[in-house]
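Trainee: Its first residue numbered 3, the sequence shown is counted upward by one per residue in this note's numbering.
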Amino acid sequence: MGGLRFLPWVRDGVARVVADTDPLAGALPRARAAVDLTVTALGTETATGATREITGTSTALLHGPGDVVGVDPEEIIRSFPAPGAENVEVSMFAAVEFDRPDLPWLYTPARPDANGGLRPWLVLVVVPVDGGGELRTEAGQALPRLATTVRQLPALAESWAWAHAQVLVTTEGEDVAAVIATAPERTLSRLVCPRRLAAGAEYLAAVVPAFEAGVRAGLGEPVADAGPLAPAWGPGSGNPGPDDAVLLPVYHHWTFRTGPDGDFESLARRLRARPLPADVGRQPVDIAAPGGGLPAQAQEGVGGRSVLGFEGALASPAMTPTAWAEDVRAAWQGALTGLLRHAADRLTPPLYGDLHSQETQLPAPGAEPRWLSGLNLDPRHRAAAALGTQVVQRHQEDLAAAAWQRAAEIREANEQLRRGQAARDTAEALYAAGSTRTRPAPRSATTGWSPSPDRCTTSSRCRTRGWPRTPRNRWTGASPTTRARRRPPPRRCAGCCARAAPSPGGSTPTGRRR
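So, in structure tokens, the structure goes:
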């Protein structure tokens, strides 16, 4: 089956043969990637007219981050959260999506490392509007500027992990490279900002250059064509400290506000585990005087041999089941077994689970179903079953009404099933009858009746008095065959029909052929 495929990077064209490898941290070897090109051409000598190959080599410099002064707004297909969004969940990460699947790595002058990591030439940053950063728009500047500190920005050494391409494939074996090349509507690229959001705060999200050359180009400053390509901030840049001020050109930006603290993640983080005593989830039950024909035990109080621990559904991990004294257990279960096996002719304690197991009495020791014996011979399990019985008794009217409603639905489903079965049986019978009987004589498509020796078909005198050649319902929606059954039988004329009945293929009394 198809689905989404995520790629750590996408490169196309000559960018796939760049020689320098991205170290994923610090500066790149060159500000522009250099590619050696070999060109072969066919030439014709003027003097001799001979054709020969001419080969030449050259080194081409590809555009780098320092050549970019903006991003086409049409390349941006989605910003998340939506611009101006309110009550954004704090567990979300901001993201921006581009139409081109290779745009985040288009101007990175390096190739992926051995593990497939490649830093994008632009990143998404998110800073608090209140005290985190300031967006400045100055006259004469092509791009707005973000003034902030390194502390508010993500680590550029991890930028390769927060950029990826997305491809939608329709079948399991579909070639991803072919989809990228031929189906641009099923591809995109995405930048994600790993900033943890705070509740009730307004944030500014901005797409900014990740390298110093891109920053200088966006600010309108001179850019060096040669030399290494340093990151825009952090280690290896001119602003390495967390409190260093940074001024960045902004290719795209929007704002959003988070909601109050209360999403699932924040509530889950508030949970704190507390140690519970070992007796949590267990209540003492005294079976010294059970009644109903069961043996009585000496009253020994809490901790005595006749006191068992009734366990609830939730209990402390340190809780251990109460040990049942062997002599008390044997006497108690022996008496209860005798009562339950004579439940048909005596008033005895109830046999729980009899309807589910379809058993009328307790099975023999070791016989199936064993769970039925375990349920009925342990007073702790019997107490839990009795609580369930009380719940059913308390809500029996509602349960019965729900059962009747379900029964009506079942009856309707069964009725539809029976109708379908009847239709199937009828169709099979008609098919069997039609395949074994002789095909009937063909009927007229207009009148719906078959020629017969005892009907007049050619005499004008008979046509006016006998069977009509064109039925009255010819132009109605009813079938001529079915409507013909409602007509009276044809009247026989006193002339030609009474004299002779011609054979189907013979002559009529008027001498004409049919």
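Glycine included, each C-beta is placed from N, C-alpha and C at the ideal position.
With DSSP as the reference, please indicate the residues paired to Glu-1 in a beta bridge.
Mentor: Outside the displayed span of the chain (3 to 516) sits residue 1, for which this structure offers no information.
Trainee: Does DSSP classify Arg-493 as helix, strand or coil?
Mentor: In this prediction, Arg-493 scores a pLDDT of 47, lower than 50, which makes its location untrustworthy; no coordinate-derived value is stated.
Trainee: Taking Val-217 as the reference, give the member of Ala-435, Val-178, Leu-278 and Trp-123 with the closest Cα.
Mentor: Closest option to Val-217, Cα to Cα, is Trp-123.
Trainee: Using a 10 Å radius around the Cβ and a threshold of 16 neighbouring Cβ atoms, would you call Thr-150 buried or exposed?
Mentor: Buried: at least 16 other Cβ atoms inside 10 Å.
Trainee: Strictly by DSSP, which residues pair up with Tyr-205?
Mentor: Paired residues: Pro-130 and Phe-258.
Trainee: Which word fits His-166, buried or exposed, when buried means at least 16 other C-beta atoms lie within 10 angstroms of its C-beta?
Mentor: His-166 is buried by the Cβ-count criterion.
Trainee: Would Val-12 and Trp-107 be called neighbours here (beta carbons separated by less than 9 Å)?
Mentor: In contact: Val-12 and Trp-107 (Cβ atoms closer than 9 Å).
Trainee: According to DSSP, which residues form a beta bridge with Asp-38?
Mentor: The partner list for Asp-38 (beta bridge, DSSP) reads Thr-61.
Trainee: Helix or strand or just coil, what does DSSP make of Glu-214?
Mentor: Of the three classes helix, strand and coil, the one that applies to Glu-214 here is helix, per DSSP.
Trainee: If you scan the segment 225-288 from start to end, which runs of the beta strand (DSSP E) of 3 or more residues do you find wholly inside it?
Mentor: Complete beta strand (DSSP E) runs here, min 3: 247-251, 254-259 and 284-288.
Trainee: So for Glu-430, helix, strand or coil by DSSP?
Mentor: The answer is helix: DSSP assigns Glu-430 an H, G or I state.
Trainee: Just the Cα atoms here: how many angstroms apart are Val-178 and Ala-62?
Mentor: Between Val-178 and Ala-62, the C-alpha separation is close to 29 Å.
Trainee: Terminal residues of the continuous beta strand (DSSP E) containing Ser-191?
Mentor: From DSSP, the beta strand (DSSP E) with Ser-191 extends over 189-194.
Trainee: Count the other CB atoms, across all protein chains shown, that sit within 10 Å of the CB of Leu-214; report buried if there are 16 or more and exposed otherwise.
Mentor: The sequence as given places Glu at residue 214; Leu does not occur at that position. Classification of Glu-214: buried, given that the 10 Å Cβ count is 16 or more.
Trainee: Would you call Asn-241 buried or exposed, if buried means 16 or more other Cβ atoms sit within 10 Å of its Cβ?
Mentor: Result: buried.
Trainee: Looking only at DSSP bridge pairs, what is Leu-108 linked to?
Mentor: Answer by DSSP bridge pairing: none, since Leu-108 is not bridged.
Trainee: Quick check on the DSSP output: the alpha helix (DSSP H) that includes Gly-336 runs from which residue to which?
Mentor: Taken as a continuous stretch (DSSP letters only), the alpha helix (DSSP H) holding Gly-336 covers 328-342.
Trainee: Under 8 Å: do the segment 195-212 and the segment 260-267 share three or more Cβ pairs, one atom per stretch?
Mentor: Yes, the segment 195-212 is in contact with the segment 260-267.
Trainee: Less than 8 Å between the CB atoms is what I'm expecting for Ala-247 and Leu-158, so what's the real figure, rounded?
Mentor: That belief does not hold up - the Cβ atoms of Ala-247 and Leu-158 are roughly 17 Å apart, past 8 Å.
Trainee: Leaving out five residues on either side along the sequence, give the residues of the same chain with a beta carbon under 6 Å from the beta carbon of Val-128.
Mentor: Around Val-128: Ala-96, Cys-195, Arg-197, Tyr-205 and Ala-207.
Trainee: Run through DSSP, which three-state label would Gly-293 get?
Mentor: Three-state result, Gly-293: coil.
Trainee: Go to Arg-138, then tell me how far its alpha helix (DSSP H) extends in each direction, as first and last residue.
Mentor: From DSSP, Arg-138 is part of no alpha helix (DSSP H) but of the beta strand (DSSP E) over 135-138.
Trainee: Less than 8 Å between the CB atoms is what I'm expecting for Asp-24 and Ala-112, so what's the real figure, rounded?
Mentor: Yes, they are in contact, since the Cβ atoms of Asp-24 and Ala-112 sit about 4 Å apart, within 8 Å.
Trainee: How about Trp-334 and Pro-365: do their beta carbons lie closer than 9 Å?
Mentor: For Trp-334 and Pro-365, no; Cβs fall outside 9 Å.
Trainee: If the criterion is Cβ atoms closer than 9 Å, does the pair Ala-219 and Val-71 meet it?
Mentor: Result yes, Cβ atoms of Ala-219 and Val-71 sit closer than 9 Å.
Trainee: Which class does Leu-349 belong to by DSSP, given the choice of helix, strand or coil?
Mentor: It is coil, neither helix nor strand.
Trainee: Using a 10 Å radius around the Cβ and a threshold of 16 neighbouring Cβ atoms, would you call Pro-75 buried or exposed?
Mentor: Label assigned to Pro-75: exposed.
Trainee: Can you have a look at His-344 and say buried or exposed, based on whether 16 or more other CB atoms are within 10 angstroms of its CB?
Mentor: Label assigned to His-344: exposed.
Trainee: If you draw a straight line from the alpha carbon of Leu-432 to that of Arg-426, how long is it in whole angstroms?
Mentor: Cα to Cα, Leu-432 sits roughly 10 Å from Arg-426.
Trainee: For His-358 and Pro-371, what's the separation of their Cα atoms in angstroms?
Mentor: When rounded, the distance between both Cα atoms is 11 Å.
Trainee: Quick check: the segment 314-323 against the segment 272-290, are at least 3 beta-carbon pairs closer than 8 Å?
Mentor: Yes, the segment 272-290 touches the segment 314-323.
Trainee: Who does His-166 pair with in a DSSP beta bridge?
Mentor: BP columns for His-166 point to Arg-192.
Trainee: What is the rounded straight-line gap between the Cα of Gly-340 and the Cα of Thr-428?
Mentor: Whole-angstrom Cα-Cα distance: 58 Å.
Trainee: Cβ of Asp-288 within 9 Å of Cβ of Gly-306?
Mentor: Contact: yes.
Trainee: Determine, using beta carbons only, whether Gly-118 and Pro-251 come nearer to each other than 9 Å.
Mentor: In this structure, Pro-251 does not lie closer than 9 Å to Gly-118 by Cβ.
Trainee: DSSP three-state call for Leu-221: helix, strand or coil?
Mentor: Leu-221: coil per DSSP, three-state reduction.
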